[in-house]
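Working notes for the structure below.
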DNA sequence: CAATTTTTTGAGACTACTCTCAAAATATCG
DNA sequence: CGATATTTTGAGAGTAGTCTCAAAAAATTG
C-alpha cells in the first residue's frame, strides 16, 4: 500500500491500459446517458474489462467521472490559454475564450455532452470554470472596461449561458452561429454598448440588428 | 375503463385524496432528491400509501412529477399574469415578471427546488417557460423596445439565467438581491442602456455602479 | 525459466428497487 | 342494511445493479 502522503505511486503499464479503457468508455457512455444515469456494469462492458478491474482502479462512478473531467479539462484549459497571444482588451479576450469554449464542445460532441452531464453531477466542474470566468470578469471590471454591480451574479449568468447555449446547439435546436450571438449578449451584460458588442462578437459580419 | 376520448372521468373523493397525498409527497421528496434520484418506494412511504395505490393513480414516477408540475405551474402562471395590471413598457413588464418568478421560488424553497430538478428531468418544464419568455421578448422586440439578433438565443440565455440565479440563491451562495441584479443584466441583454436598466431593475435603490 | 508479484476475472452474495394481483377494506346505493 | 363496486393493501416474484474475493492469468525479476 502506498503511503497516503505519496500522491502518485507510478502505475504499471498494464494497470494504466485498463484505466485508459475505463476512462474512455466512461466518456462515451456518460456523454450519452449522463453521469448519474450510467451504471458501472455498462462502463465495464463498454471498456471490455471485469468488475474487479473497475474496483481496482476507481472507488466509485463519481471518482471515474472526475478523472475523465480532470484529464479533458486540462486539455481544454491549455487550448483556451493559447488563444489570445497577448490581448489587452478584456472584452475581446473574453469574447474569444467564450466562443472557443462553445466551439470546442460542439466540434467534439462526445466531450460536449459529457461536460453538460458532468456539470450537473460533479460540483468540481462548475467550480473549475467558475474560477476562470470570475478571474476574467474581475480583471475586466478592474480595468474599467466592464461595468456591473455583482461579480458573482454576472459569473453565474455567464456560466449558465455558456452551458445552455452549448446544449441547444448540440441538440440541434440552434445554429452554430448562436455562439457568436451569445457572446454579443454577454458583452452587453458586461456593460459594453450595443455597437461595440456587435463588432467584437461578429468580427467579420456586418453588425446589422433587427429590432 | 374510461374511453380514451373521455379526458377526465370524475375521480372519486377517496381516490382524489390518495392522489393528493402522492402529489404532495412527491413535491417534497423530489424537491430534495431530484426527480430521477427519487424512488417510488420513498414517495409511497412519505405519502403513507401502498405500492398498489401508487400504480392505481400513476403509471410512472415521471407521470407523477408531471402532475406535480402541472398543478403548481398553473398557480404560478396565474400569479405572474396578475402582476402588472396594465404595463405597457415591455422592459418594466419583463423585469417584474422575472423578478417575481425568482422570488416566488425562493419564498417557497420546496417548490423552488422541485422546479430546478424538474427542469432538468421533464422536457415539459422548459417548454412551458420557454413559450412564455419567448412571447414576452418577441413583443418587446416588435415594439422596438428590445434589440437583439436572435430571439431563440436570447430566450435560451434568459431561461438559463433565471434557473441558475434561483439555484444560487436557494443554495445560499448569493443574496436575495441577486434577483434584481440579474434583471438588470437581462435588460442590458435586451438592448436597454445601462442607466435605464439600473433604474428599472432597482426601482428604489440609487443606481450607483462600481466598475 | 522458475519464483514472485501484480493484475484481471467473473460467479455469487447482497441490496434496492419495480410492478402485480388476490384478498381485505372501504365506499356507494337501492 | 345487504349487495355491489371501488379502492387499498402488502407480500412476493422478478429485475438490475453493486461490491467482493478466491482463483487464474499475466507481468516482472533474479
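Chains as they are written, first to last, in my numbering: chain A, 3 to 213; chain B, 3 to 213.
A virtual CB, placed ideally from N, CA and C, is assigned to each residue, including glycine.
All figures in this text were calculated on a predicted structure; none of them were measured in a lab.
- What residue 152 of chain A touches in chain B, judged by beta-carbon distance under 7 Å, is 180, 183, going in chain order.
- Beyond the five residues adjoining it in sequence on each side, residue 96 of chain A comes within less than 6 Å, by CB distance, of 138 in the same chain, given in chain order.
- With 16 or more other CB atoms across the displayed protein chains lying within 10 angstroms of its CB, residue 152 of chain B is buried.
- Residue 170 of chain B is positioned such that its CB atom lies closer than 9 Å to that of residue 155 of chain A.
- For the stretch 15-48 of chain B, residues whose beta-carbon sits nearer than 9 Å to a beta-carbon of chain A comprise 36, 38, 39.
- For residue 42 of chain A, the uninterrupted alpha helix (DSSP H) segment begins and ends at 42-49.
- For residue 88 of chain B, the three-state secondary structure derived from DSSP is coil.
- Pairing residue 22 of chain B with residue 194 of chain A, the inter-Cα distance amounts to about 51 Å.
- For the stretch 156-168 of chain B, the beta-carbon criterion of a distance under 8 Å to any beta-carbon of chain A is satisfied by 156, 158, 159, 161, 162, 163, 165, 166, 167.
- Within chain B, not a single residue places a beta-carbon under 9 Å from that of residue 93 of chain A; the smallest gap is close to 13 Å.
- At the C-beta level, residue 118 of chain A and residue 71 of chain A stay beyond 9 Å of one another.
- With respect to residue 203 of chain A, residue 189 of chain A sits close: the two C-beta atoms are nearer than 9 Å.
- Exposed is the label assigned to residue 53 of chain A, since fewer than 16 other Cβ atoms lie within 10 Å of its Cβ.
- Residue 20 of chain A has its alpha-carbon roughly 15 Å from the corresponding atom of residue 62 of chain A.
- Annotation: residue 85 of chain B has no Cβ neighbours in chain A at a cutoff of 7 Å; minimum Cβ distance is about 22 Å.
- The beta-carbon distance between residue 187 of chain B and residue 150 of chain A, rounded to whole angstroms, is 7 Å. This is short enough to meet the 8 Å contact definition.
- Take the alpha-carbon of residue 17 of chain B and the one of residue 130 of chain B: they are about 28 Å apart.
- Residues of the stretch 106-132 of chain A that bring their beta carbon within less than 9 Å of a beta carbon in chain B comprise 122, in sequence order.
- Closest in C-alpha terms to residue 159 of chain B, from the list B/185, B/173, B/196, B/144, comes B/185.
- If you draw a straight line from the Cα of residue 181 of chain A to the Cα of residue 192 of chain A, it comes to about 17 Å.
- DSSP places residue 192 of chain B in the coil class of the three-state scheme, outside both helix and strand.
- Out of B/179, B/88, B/172, B/104, the CA that lies nearest to the CA of residue 161 of chain B is found in B/104.
- The beta-carbon of residue 193 of chain B is placed less than 9 Å from the nearest beta-carbon of chain A.
- An exposed status is given to residue 80 of chain A, since fewer than 16 other beta-carbon atoms sit within 10 Å of its beta-carbon.
- Judged by beta-carbon spacing, residue 30 of chain B lies beyond the 9 Å limit of residue 127 of chain B, meaning their Cβ atoms are not closer than that value.
- At least one CB of chain A lies nearer than 9 Å to the CB of residue 149 of chain B.
- Distance from residue 108 of chain A to residue 168 of chain A at the Cβ level is roughly 7 Å; contact confirmed, criterion being Cβ atoms closer than 8 Å.
- Note that the C-beta distance between residue 24 of chain A and residue 82 of chain A is not below 9 Å.
- For residue 187 of chain B, the residues of chain A that pass the 8 Å Cβ criterion are 150, 155, 156, 159, 191, in the order they occur in the chain.
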